[in-house]
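Numbering (this note's numbering), first residue to last: 114 to 270. Below is one structure, written out as structure tokens, with a few remarks after it.
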């Protein structure tokens, strides 16, 4: 896990890219009725807009709230420290999914007078994917990548 502000920035950038890109692909696939190879390229157009929004929300707001909430749920001195990681991930998704669905509804959906309904539907469709993608793939992959980037040098005796 990040130990410095610089590491926290790098970790957030990695997580934002992996999560946001996958969620954009998922939403495009939902909109066109299935997944095809064009989705992966199309997703980069939205990524340019959504990634900075996600970074700002996560780095300056949700990340802090998620850590605070997770420490209320899990005591790493008494429990497996991995439970803290799971709690932070779960709380992050619980906040980021509705917020990013709100941004997507504002920017990409013509919700009109049905704005609240469209936002809620978008959140409900996105939440299961965001949760399981985070817990099963994005979280473990980004933590692995982060450990490789910031691997502490072994001392040679």
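For every residue, glycine included, the Cβ atom is placed at its ideal position computed from N, Cα and C.
Supposed close pair residue i, residue j - CB separation, criterion 8 Å
i: residue 170; j: residue 143; result: With a Cβ gap of about 22 Å, residue 170 and residue 143 do not count as contacting.
i: residue 140; j: residue 243; result: Not a contact, Cβ separation roughly 11 Å.
i: residue 160; j: residue 133; result: 6 Å
8 Å Cβ shell around residue i - same chain, five flanking residues per side excluded
i: residue 127; result: 255, 258, 259
Span of the alpha helix (DSSP H) around residue i
i: residue 245; result: 228-246
i: residue 134; result: 118-145
i: residue 184; result: 176-186
i: residue 163; result: 150-170
Spatial neighbours of residue i in its chain, beta-carbon cut-off 7 Å, leaving aside the 5 residues before and after
i: residue 196; result: 187
i: residue 240; result: 210
i: residue 168; result: 125, 126, 129
i: residue 180; result: 201
i: residue 138; result: 152, 153, 156
i: residue 208; result: 175, 178, 179
Same chain, Cβ closer than 6 Å to residue i, neighbours up to 5 away in sequence not counted
i: residue 131; result: 251, 255
i: residue 215; result: 232
i: residue 135; result: 246
i: residue 121; result: 115
Decide if the region 161-181 is in contact with the region 245-255; the criterion is three or more beta carbon pairs, one per stretch, under 8 Å apart. no
Closer than 8 Å is the cut-off here; do at least three beta carbon pairs connect the region 222-229 with the region 199-212? no
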